[in-house]
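Here it is, written out as structure tokens:
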């Protein structure tokens, strides 16, 4: 029997809503996993998403969670480049930018240059932990992690995020910036993710259709 979702836990699960809905538009936000695990087709979707993220066991899941928790996926690479750029003059940056041939790298440079000071403290923690919770929900649907452990991890993540950001809007913008950083502002590969939209587009849709869930930033 799956444990009951309290309003507090639901609020914490909602921290992954943007990433969850971007990966599966029909996701049910008001469940532990976002998927109906008794539905064969939905379970197949979960398995496909898990495979795309390299998660095929509880060990794989926890290794991925550790990378997101420690900032290895987004925050640390972002801060490494941002720290370098904070010492650059505009001319130095433009020389480095213009020397790049790879369009994705140029997009990353442009994004980091823009946010090199404004995200000095929070970095891309919103993105890292939104994905952290999303992967827990995927892993939970496949039986790699129990709701009790998810709840314990949610409590820790919630404390960190609620002390870092001051509103749902600020948090979700950080998630979107993180997605841009990771993807290099590239167009999604529709052969792998049919019907996908950018995270910014998903953000707009989420705040229109699920507005009541994202009003109060409860600490």
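Residue numbers (the working numbering): 2 to 220.
All C-beta atoms, glycine included, are put in the ideal place defined by N, C-alpha and C.
- Pairing residue 137 with residue 84, the inter-Cα distance amounts to about 31 Å.
- Residue range 18-24 is occupied by the alpha helix (DSSP H) that includes residue 22.
- For residue 74, no alpha helix (DSSP H) encloses it, and the DSSP letter there is neither H nor E.
- Here residue 126 carries a helix assignment [DSSP, helix/strand/coil].
- Under the three-state reduction of DSSP, residue 34 is assigned to coil, being neither helix nor strand.
- For residue 65, the enclosing alpha helix (DSSP H) stretches over residues 59-70.
- Around the beta carbon of residue 67, fewer than 16 other beta carbons sit within 10 angstroms, so the residue counts as exposed.
- With fewer than 16 neighbouring CB atoms inside 10 Å of its own CB, residue 105 falls in the exposed class.
- Minimum Cα-Cα distance from residue 135 among the listed residues 27, 34, 4 corresponds to 34.
- Look at residue 171 here: in three-state DSSP terms it is helix.
- Nearest to residue 27 by C-alpha distance, out of 44, 16, 11, 12, is 44.
- Rounded to the nearest angstrom, the Cβ distance from residue 145 to residue 62 is 5 Å, consistent with a contact under 8 Å.
- Our two residues, residue 77 and residue 124, have alpha carbons roughly 8 Å apart in a direct line.
- When only Cα atoms are considered, residue 15 and residue 214 end up about 8 Å apart.
- For residue 220, the closest of 173, 212, 158 by C-alpha to C-alpha distance is 158.
- If the five residues before and after residue 179 are omitted, its C-beta is found closer than 6 Å to the C-beta atoms of 75, 125, 128, all from its own chain and listed in chain order.
- In this structure, DSSP gives residue 213 a helical state, which the three-state scheme calls helix.
- Note that the C-beta distance between residue 161 and residue 130 is below 8 Å.
- Nearest C-alpha to residue 13 among 25, 30, 87: 30.
- Residue 135 carries a helical assignment under DSSP once its states are collapsed to helix, strand and coil.
- Excluding five sequence positions before and after residue 167, the CB atoms of its chain that fall closer than 7 Å to its own CB belong to 218, given in chain order.
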